[in-house]
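Asks: Take a look at this one; I'll ask things after.
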Ligand SMILES: [Zn+2]
Ligand SMILES: [Zn+2]
């Protein structure tokens with residue numbers, strides 16, 4: 080399993096020099112399992128991934144499973160800019176999302192509707208399949224065990240646990256601590272994972288002072304989750320738009336005082352399992 084981070088920022092893209100080391104694009108993580116392509120979220124990092132896939136496959140069609148955690152802008156904004164959807168008519172994209180609030184297809188059509196975007200959905204010529212998912216096992220393909228769970232976030236958000244023979248990856252972003260049932264569910268989702276990608280948007284003091292109820296976690300809670308779930312390595316993810324590189328460096332240093340295997344997600348970072 081190879082994991083690559085294309086977008087690690089939360090809320091909104093932040094293309095500012097002081098953020099460039101960790102990166103300014105919003106959520107998108109690519110996972111390769113042999114020749115299979117899995118993509119978690121379609122924030123602005125999804126656009127950059129699209130360019131790389133075009134380079135890699137040239138005119139050869141390819142297929143990818145795309146899992147969308149929820150429909151906040153920072154998780155869907157790359158979709159209208161993902162070039163293979165327009166230019167690779169023989170490629171296939173299998174989208175998986177909950178339709179508790181809306182179907183993903185409707186969300187895509189709405190975000191591209193006039194007057195918000197000049198091109199509409201029917202100009203995406205690639206084959207698109209939409210699958211509705213809920214908590215529990217997600218049927219993807221043979222030999223892959225994928226579980227989904229609801230997280231604590233306004234309008235809901237899904238976390239994912241991918242179990243393969245190479246190891247276990249958990250992608251759990253956009254989750255606020257403090258609700259006993261959700262706190263338990265996220266620890267269950269993360270149990271024994273090799274890699275836990277987890278929402279660490281705020282500093283604990285920011286959260287306490289003015290961010291309660293906004294649907295996000297902080298690095299200290301991320302450390303609690305990794306330790307209490309028995310996951311092995313923590314990847315801090317969904318960095319706050321106002322946290323620059325120096326701030327994130329400091330967070331990593333502090334988090335490592337509590338748990339040694341912590342890294343902050345950075346654009347371009349790769350993990351081999
Ligand atoms: Zn988000
Ligand atoms: Zn969100």
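Numbering (my numbering), first residue to last: 80 to 352. Every residue, glycine too, gets a C-beta built ideally from N, C-alpha and C. Everything numeric in this text was worked out from a predicted model, so none of it was measured.
1. By alpha-carbon positions, which one of 98, 102 and 81 ends up nearest to residue 345?
2. Does the separation of the CB atoms of residue 124 and residue 157 fall below 8 angstroms?
3. Identify which residue in 81, 90, 314 and 175 has its Cα closest to the Cα of residue 322.
4. Mind checking residue 175: buried by the 16 CB within 10 Å criterion, or exposed?
5. Can we count residue 175 as close to ligand 1, meaning its CB is less than 7 angstroms from some heavy atom?
6. Here's the rule I'm using: 16 or more other beta-carbon atoms within 10 Å means buried, otherwise exposed. How should residue 93 be labelled?
7. Using a 10 Å radius around the Cβ and a threshold of 16 neighbouring Cβ atoms, would you call residue 272 buried or exposed?
8. Residues in the same chain with beta-carbon distance under 7 angstroms from residue 316, minus the five sequence neighbours each way, listed in chain order, please.
9. What number of angstroms, rounded off, separates the C-alpha of residue 254 from the C-alpha of residue 296?
10. Since residue 247 contacts residue 350 with CB under 8 angstroms, what's their CB separation in whole angstroms?
11. Hey, which unbroken runs of the beta strand (DSSP E) at 3 residues or more fall wholly within the region 213-251?
12. Quick check on this structure: which residue in 307, 319, 320 and 347 has the alpha carbon closest to the alpha carbon of residue 337?
13. Identify whether residue 145 lies in helix, strand or coil by the three-state DSSP scheme.
14. Going by beta carbon distance, what residues of the same chain come within less than 7 angstroms of residue 309, once the five residues before and after it are set aside?
15. I need the residues with a C-beta less than 5 angstroms from some heavy atom of ligand 2; please give them in chain order.
16. On the criterion of 16 or more Cβ atoms from any shown chain inside 10 Å, does residue 119 qualify as buried, or is it exposed?
17. Please say whether residue 217 and residue 226 have beta carbons closer to each other than 8 angstroms?
18. How is residue 326 classed by DSSP in three states: helix, strand or coil?
19. Does at least one heavy atom of ligand 1 sit under 7 angstroms from the Cβ of residue 86?
20. Output the boundary residues of the alpha helix (DSSP H) element that contains residue 298.
21. Would you kindly check if the distance between the Cβ of residue 319 and the Cβ of residue 100 is under 8 angstroms?
22. Near residue 232, which residues of its chain fall below 7 angstroms by C-beta distance, leaving aside the five closest residues on each side in sequence?
23. Is the beta carbon of residue 179 closer than 8 angstroms to that of residue 130?
24. Going by the beta-carbon positions, is the gap between residue 106 and residue 154 smaller than 8 angstroms?
25. Going by the CB atoms, is the gap between residue 177 and residue 80 shorter than 8 angstroms?
26. From the DSSP output, in three-state form, read off residue 262 for me.
27. When every heavy atom of ligand 1 is checked, does at least one fall within less than 7 angstroms of the C-beta of residue 153?
28. On a CA-only basis, which of 257, 333 and 305 is nearest residue 290? Give me that one, please.
29. Mind listing, in chain order, the continuous beta strand (DSSP E) runs of no fewer than 3 residues lying wholly within the region 95-154?
Replies: From the atom records:
1. Checked all of 98, 102 and 81; the closest Cα to residue 345 is 102.
2. Between residue 124 and residue 157, the C-beta gap is smaller than 8 angstroms, which places the two residues in contact.
3. Comparing Cα-Cα distances from residue 322 to each of 81, 90, 314 and 175, the minimum goes to 90.
4. Burial call: buried.
5. No, ligand 1 has no heavy atom inside 7 angstroms of this Cβ.
6. That one is buried.
7. It is buried - the Cβ of residue 272 has at least 16 other Cβ atoms within 10 Å.
8. If we look at residue 316 and ignore the five residues flanking it on each side, its Cβ neighbours are 87, 252, 276, 277, 278, 279 and 344.
9. Straight-line Cα distance between these residues: approximately 6 angstroms.
10. Distance from residue 247 to residue 350 at the Cβ level is roughly 13 angstroms; contact not present, criterion being Cβ atoms closer than 8 angstroms.
11. Correct list: 215-217, 224-230, 236-243 and 246-251.
12. Nearest of 307, 319, 320 and 347 to residue 337, Cα basis: 307.
13. In the three-state scheme derived from DSSP, where H, G and I count as helix and E and B as strand, residue 145 is classed as strand.
14. For residue 309, same chain residues with a beta-carbon under 7 angstroms away, outside a window of 5 residues either side, are 270 and 271 in chain order.
15. Sorted by position in the chain, 151 and 253 make up the residues whose C-beta lies under 5 angstroms from a heavy atom of ligand 2.
16. Buried, since its Cβ has 16 or more Cβ neighbours within 10 Å.
17. Yes, these two residues count as a Cβ contact at 8 angstroms.
18. In this structure, residue 326 counts as helix in the three-state DSSP scheme.
19. It does not: the Cβ of residue 86 is nowhere closer than 7 angstroms to a heavy atom of ligand 1.
20. Judged by DSSP secondary structure, residue 298 falls within the alpha helix (DSSP H) whose first and last residues are 298-308.
21. Not closer than 8 angstroms, so no.
22. Hits under 7 angstroms: 149, 253, 254, 255 and 294.
23. Cβ atoms of residue 130 and residue 179: not closer than 8 angstroms.
24. Against a cut-off of 8 angstroms, the Cβ pair of residue 154 and residue 106 comes out as a contact.
25. With respect to residue 177, residue 80 sits apart: the two C-beta atoms are not nearer than 8 angstroms.
26. The answer is helix: DSSP assigns residue 262 an H, G or I state.
27. Residue side-chain check: residue 153 places its Cβ nearer than 7 angstroms to a non-hydrogen atom of ligand 1.
28. Looking at the Cα atoms, 257 is the closest of the given residues.
29. Qualifying beta strand (DSSP E) stretches, in chain order: 107-112, 115-119 and 142-146.
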